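Under this note's numbering, the first residue of the sequence shown is numbered 971, with each subsequent residue one higher. Cβ coordinates follow ideal geometry from the N, Cα and C atoms, glycine included. Here the structure is a predicted model, which is why all the values come from computation and not from measurement.
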Amino acid sequence: MTSLTDSERVERANTALYEAMEQGDHEAMERLWLDAPDTEVSCVHPGWPVLRGRGEVLRSYALIMANTDYIQFFLTDVEVSVLADTALVTCTENILSGAPAEEEGELGPLVGQLVVATNVFRRTEDGWKVWSHHGSPVLAESDENGPEGPEGPDDDGRLMPD
């Protein structure tokens, strides 16, 4: 039996983060986040301000889990990079969630959303722990034949107009 590489361990920790959300498992979420007195964790949920501190971050997840009837993540474009005791994971979160139900006891309509995420992990004695999560919504599908095309901006090189 071969042992796992650091990249494989980090990818498993990353997957566990999303599984805890799907299952609404707050205790698992607590175990996944870094708990080091010398290091402050941070989190940016799509559309939220930066949350700092383990308590504030975990409260945000508790709030999301308590107010979400159904959520499932399909991770794509997962890239893992490990350097010493720090690891970076980038991915696309293809999210399917249940919107509020019109009648009690029923699941509301399913809503899809794309979020690009960066998760930073630190190696600890207890394995890889989440140090920071940043999720940004994808507002529109990219169009390769649009005004910027595959080569980039078609104006004088500026990405944004004056």
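Next item on the list: Could you name the residues of the same chain whose beta carbon sits closer than 7 Å to that of S1030, not counting the 5 residues immediately before and after it, in chain order?
Entry: C1013, H1015, L1021
Notebook entry, point to check: Does DSSP put Q1042 in a helix, in a strand, or in coil?
Noted result: strand
Check: Contact between the stretch 1071-1084 and the stretch 984-994: three or more CB pairs below 8 Å?
Finding: no
Notebook entry, point to check: With burial defined as no fewer than 16 other Cβ atoms inside 10 Å of the residue's Cβ, what is the status of L1033: buried or exposed?
Noted result: Counting the other Cβ atoms within 10 Å of the Cβ of L1033 gives fewer than 16, which makes it exposed.
Item checked: Closest Cα partner of G1097 within the set E989, H996, I1065, R1001 -> R1001
Check: How would you label N1089, buried or exposed, when you count the other beta carbons within 10 angstroms and need 16 or more for buried?
Finding: buried
Note to self: Which residues does DSSP list as the beta-bridge partners of E1049?
What the structure shows: Answer is T1060.
Next item on the list: Following the continuous alpha helix (DSSP H) through H1015, name the residue where it begins and the one where it ends.
Entry: It is not in any alpha helix (DSSP H) - H1015 carries neither H nor E in the DSSP assignment.
Check: Can you list, in chain order, the residues of its chain whose CB lies under 6 Å from that of E981, leaving out five sequence neighbours each side?
Finding: Excluding residues within five positions, the ones whose Cβ falls inside 6 Å are V1050.
Margin query: Per the DSSP calculation, H1104 is bridged to which residue(s)?
Written below: V1014, T1088
Notebook entry, point to check: Buried or exposed: E992, going by 16 or more other Cβ atoms within 10 Å of its Cβ?
Noted result: E992 is exposed by the Cβ-count criterion.
Next item on the list: Please name the residue, chosen from W1101, F1044, L1080, V1059, that lies closest to S1067 on a Cα-to-Cα basis.
Entry: L1080
Item checked: CA-to-CA distance, C1061 to W1018, given in whole angstroms -> 19 Å
Checklist line | Among I1065, H1103, A1006, the one whose alpha carbon lies nearest that of E1095 | finding: A1006
Check: Out of curiosity, what's the CA-to-CA distance linking V1086 and E989?
Finding: 17 Å
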